[in-house]
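K.L.:
Numbering (the numbering used here), first residue to last: 39 to 218.
C-beta: ideal position from N, C-alpha, C; glycine also.
To start, I am sharing the structure in question, which I have written as structure tokens.
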Ligand code: SF4
Ligand code: SF4
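Given below as structure tokens:
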């Protein structure tokens, strides 16, 4: 089965629609690739370990309080443009239900009532720590978190590359390649 290449403009709605279409049409075929299934499992584990570490440092509690008081001021509108259609496809493989609309006009498209609605996040989102956090969390705790996040980002990179390669070599029709 042939699909069109991912959209190369900034419309998050188009990227979401592409990801859903490809997931619906090619999920089973893509999951026959052992490397993809292995990397997906590794990614699930790595994200869970990062989250546990984030919670242990107290960052989750700090961000939750900040989101309730200030609307999670670091997740501003436009951040969603960083996301490629392939990264959204990976989120679908992880069981994420991609939102249909933005909850707040001044916030990122993916910000929900309980924080970020994605599981596989862009490197900028994973790495970002504001001053409120760096003032309160110790350096050894941050180092432990960075180690876990490093694994998460490495596995995500490998999975992203594998998906792009397979889609490129077996499933794309024609058109310009994804650039974001
Ligand atoms: S990273 Fe900083 S600004 Fe963003 S939600 Fe957490 S505490 Fe708030
Ligand atoms: S963490 Fe999630 S909600 Fe915040 S900017 Fe990144 S994608 Fe958007």
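Drop a sphere of 10 angstroms on the beta-carbon of residue 144, count the other beta-carbons inside from all chains shown, and report buried for 16 or more, exposed for fewer.
P.N.:
Here residue 144 corresponds to residue number 106 of the chain shown, with the count starting at 1. Classification for residue 144: exposed.
K.L.:
Going by beta carbon distance, what residues of the same chain come within less than 8 Å of residue 217, once the five residues before and after it are set aside?
P.N.:
Mapped onto the chain shown, residue 217 falls at position 179. Confidence at residue 217 is low in this model, with a pLDDT of 38, below 50, so its placement is unreliable and the value that follows should be read with caution. Excluding sequence neighbours, residue 217 sits near 46.
K.L.:
Quick check on the contact list: which residues have their beta carbon closer than 5 Å to a heavy atom of ligand 2?
P.N.:
The set, ordered by position in the chain, is 113, 117, 146, 148, 149, 154 and 163.
K.L.:
Can you say whether residue 168 is buried or exposed, counting buried as having 16 or more other CB atoms within 10 angstroms of its CB?
P.N.:
Here residue 168 refers to the residue found at position 130 when the chain shown is read from its first residue. With fewer than 16 other Cβ atoms within 10 Å, it is exposed.
K.L.:
My output table needs one value for residue 149: the three-state DSSP class, helix, strand or coil.
P.N.:
Residue mapping note: residue 149 aligns to position 111 of the chain shown, counting from 1. The answer is strand: DSSP assigns residue 149 an E or B state.
K.L.:
Counting pairs of Cβ atoms below 8 Å between the segment 95 to 113 and the segment 153 to 169, do you hit three or more?
P.N.:
The segment 95 to 113, when compared against the segment 153 to 169, does touch it at the 8 Å Cβ threshold.
K.L.:
List in chain order: all unbroken alpha helix (DSSP H) runs of 4+ residues lying wholly within the segment 94 to 176.
P.N.:
List check, alpha helix (DSSP H) in window: 97 to 108, 123 to 131, 161 to 165 and 169 to 172.
K.L.:
Nearer than 8 Å: is that true of the beta carbon of residue 81 relative to any heavy atom of ligand 1?
P.N.:
Indexing the chain shown from 1 puts residue 81 at position 43. False, no ligand heavy atom lies under 8 Å from that Cβ.
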